[in-house]
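Enquirer: First residue of the sequence shown? That's 3 in my numbering, and the numbers climb one at a time after it.
Quick one: the structure is below, questions incoming.
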Amino acid sequence: MDFRTFLKDEIYAQIPSSLPMCRAEWWGIFRGGGTIKRRESNSYLSFSHTDLSLIKKCLWLKNKLYPHLPHFLLQKEKRGINAGKWYSLDILWEENFWEEGGFSDASLLKDMLEGKTARAFLRGLFEARGYISDPLHHYHLEIGPLPSDLVFVVLEHLEEKNLPFQFRERKKENYIYTKNSSVIGSFLHYLGASQAYLQWEKLAIEKSTINDLTRWVNWETANLERTVNSSLRQRQKLQEINLDSLPPRLQEVARLRLEHPYASLREIGDLCSPPLSKSGVYHRLREIEKIIEEQGKK
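Right, dumping it as structure tokens:
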């Protein structure tokens, strides 16, 4: 099971413990992704999604909060960019929804963004409009598109909770997002997705370990390539002269380079008698190369 499915299953299974929590999650879902529709002479509050599990949760919340209101469950096959099966829950509109859902003034939702109901509201918002990346590939959590009057109310609350999200407008639609792994983990924990939070932390550590190992392998490979290229150049030059013509203090290093073509400068230094430092070996080989170049000019 991939991480996104794991998270989705956990948050859909979260059952609000009180009517205020039910109301907060309901309006998180419907203010995030709901629309107002007209059918014949009536208005309906409608929410559509591709996941039937979320629609079932919406229906459970509706029966807790508005059992007296009629509703419709619909299924539609869409084509194009959002092709596939879409499910909708339509509930008969009530006039008090304008105030209760903050449609007339989004600041009215601030009451839901206080205390325990805040996480329920944000959970609903994320259920309706949330996206999270695979943590083994990159870190990205996004909620949107969101109504413009709702965006800054939510951002203000997240800032108060030390969960700094950023805002961006894409194709005239509003999104809030973060690419910070620590913020994403804290946000999941805040929503109450404790198992997903632990899984996220585990995968983030695995990714960090893989990245560190990859950097180390790349560094070692680059060092090996430099060593091999340098050794090849030096051996080619050494074959151009008689080693006995070199000063005695340079002959040992020259012979060791020919005898150990893949050894590093440090390893050649350890083989010298007495041992030389890496810098000492480097300077002697450079001196040998200069002698060979001068002989070539003559």
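Just so it is clear, CB atoms sit at the ideal spot from N, CA and C, and this is done for glycine as well.
(1) In the stretch 3-51, which residue ranges form an unbroken alpha helix (DSSP H) of at least 4 residues, counting only runs that do not cross its ends?
(2) Would you call TRP29 buried or exposed, if buried means 16 or more other Cβ atoms sit within 10 Å of its Cβ?
(3) Please report the residue range of the beta strand (DSSP E) in which LEU148 lies.
(4) Could you tell me how far apart the beta carbons of LEU91 and PHE123 are, in whole angstroms, since I believe they sit closer than 8 Å?
(5) Decide if GLN297 is buried, meaning its Cβ has at least 16 other Cβ atoms within 10 Å, or exposed.
(6) Within the continuous beta strand (DSSP E) that includes PRO88, where are the two ends?
(7) Decide if LYS312 is buried, meaning its Cβ has at least 16 other Cβ atoms within 10 Å, or exposed.
(8) Mind checking whether PHE128 and ILE207 have CB atoms under 9 Å apart?
(9) Since I believe GLY132 is in contact with ASN176 (beta carbons under 8 Å), could you give me their beta-carbon distance rounded to a whole number of angstroms?
(10) Just verifying my parser: in three-state terms, what is the DSSP assignment at LEU67?
(11) Quick check on PRO18: buried or exposed, where buried means 16 or more other Cβ atoms within 10 Å of its Cβ?
(12) Checking 9 Å against the spacing of the C-beta atoms, do GLU101 and LEU110 come in under that value?
(13) Give every residue of the same chain whose Cβ lies closer than 6 Å to the Cβ of SER266, excluding the five residues on either side of it in the sequence, and list them in chain order.
(14) Label ARG40 either buried or exposed according to how many other C-beta atoms from any shown protein chain fall within 10 Å of its C-beta, with 16 as the threshold for buried.
(15) May I have the straight-line CA-CA distance separating PHE169 from HIS142, to the nearest angstrom?
(16) Are the beta-carbon atoms belonging to SER233 and ARG217 less than 9 Å from one another?
(17) Relative to the C-alpha of ALA85, which residue among HIS70, HIS51, ASN98 and LYS118 is closest?
(18) Should GLU42 be labelled buried (16 or more other beta-carbon atoms within 10 Å of its own) or exposed?
(19) Tell me the DSSP secondary structure of ILE290 in three-state form.
(20) Report the rounded CA-to-CA distance for GLY35 versus ASP214, giving the unit in angstroms.
(21) For PHE32, which residues of its own chain have a beta-carbon under 7 Å away from its beta-carbon, when the five flanking residues on both sides are left out?
Expert: Short version:
(1) 5-14 and 21-35
(2) buried
(3) 143-148
(4) The pair is not a contact, with the Cβ atoms about 18 Å apart (cut-off 8 Å).
(5) exposed
(6) According to the sequence provided, residue 88 is Trp. The question's Pro does not apply to it. Start and end: 86-94.
(7) Residue 312 lies beyond the stretch modelled for the chain, which goes from 3 to 300, so this question has no answer here.
(8) no
(9) About 14 Å separates the two Cβ atoms, so there is no contact after all.
(10) helix
(11) buried
(12) yes
(13) THR229
(14) exposed
(15) 13 Å
(16) no
(17) HIS51
(18) exposed
(19) helix
(20) 40 Å
(21) LEU47, PHE49 and GLY103
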